[in-house]
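Scroll down for the structure; my scribbles are underneath it.
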Amino acid sequence: MAIKPTIFKVSMQIADMDRHYYNDHLLTVAQHPSETDERLMVRILAFALNATENLSFAEGITDQNQADLWDKDHNDQIALWISVGLPDEKLIRKAVSRAEQVIVYSYGGRQADVWWSKLKLGNYKNLRVINLAGEATQALAAMAARGMKMNFTIQEGEIMIANDATSLNLTPQILQ
131 MAIKPTIFKV SMQIADMDRH YYNDHLLTVA QHPSETDERL MVRILAFALN ATENLSFAEG
191 ITDQNQADLW DKDHNDQIAL WISVGLPDEK LIRKAVSRAE QVIVYSYGGR QADVWWSKLK
251 LGNYKNLRVI NLAGEATQAL AAMAARGMKM NFTIQEGEIM IANDATSLNL TPQILQ
């Protein structure tokens with residue numbers, strides 16, 4: 131019998147002054163049995179940083195050929211493809227050919243640095259690669275709870291994440 135995913139309920143308030151996006155979202159997020167709290171929380175962070183009415187979680191953790199999150203239009207065209215972690219170069223190339231915009235949120239400290247140094251992606255105009263510091267994503271993972279109320283404030287590229295117990299400031303590093 132297969133192990134079932136763990137379900138997380140997330141109530142988030144987003145104040146993104148960089149994009150002028152201010153909204154509340156209620157999310158139900160499934161954590162695959164093989165997924166760490168760190169990866170789950172980076173997916174939730176990626177949602178907050180790119181939130182729109184059409185952004186949704188995809189099958190990236192169970193289907194390695196899909197995004198972790200995406201924004202599709204009414205014709206099923208992919209406007210935004212988001213991958214979390216250290217995706218294979220082949221998947222990134224597939225994503226940039228299928229989507230208008232692709233964002234990769236890498237994390238993992240030294241492992242992410244090695245991954246980035248080995249990629250040969252060229253200069254795709256529709257690709258952004260953003261690295262999140264290992265200490266920051268580990269602190270974010272510590273905020274994981276089955277029922278979460280989180281506030282995300284984004285201003286001038288800086289991200290402040292707060293819940294009832296703690297807050298975290300995060301500065302993403304733009305790699306491409």
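Residue numbers for the sequence shown follow the working numbering, beginning at 131 and rising by one. Every residue, glycine too, gets a C-beta built ideally from N, C-alpha and C.
It is roughly 10 Å from the alpha-carbon of residue 157 to the alpha-carbon of residue 187. The alpha carbon of residue 151 has as its nearest neighbour, out of 222, 213, 283 and 254, the alpha carbon of 283. Comparing alpha carbon positions, the residue from 297, 223 and 200 closest to residue 270 is 297. Proximity to residue 176 across 295, 242, 162 and 258 peaks at 258, based on C-alpha coordinates. In the DSSP assignment, residue 175 falls within the unbroken alpha helix (DSSP H) covering 167-180. Restricting attention to 274, 200, 251 and 216, the CA atom closest to the CA of residue 261 is found in 216. Distance from residue 300 to residue 266 at the Cβ level is roughly 5 Å; contact confirmed, criterion being Cβ atoms closer than 8 Å. Comparing alpha carbon positions, the residue from 144, 148, 139 and 135 closest to residue 286 is 148. Put simply, the backbone Cα of residue 211 is about 23 Å away from that of residue 139. The Cβ-Cβ distance between residue 247 and residue 234 does not fall below 8 Å.
Within a 10 Å sphere around the beta-carbon of residue 153 sit fewer than 16 other beta-carbons, which makes this residue exposed.
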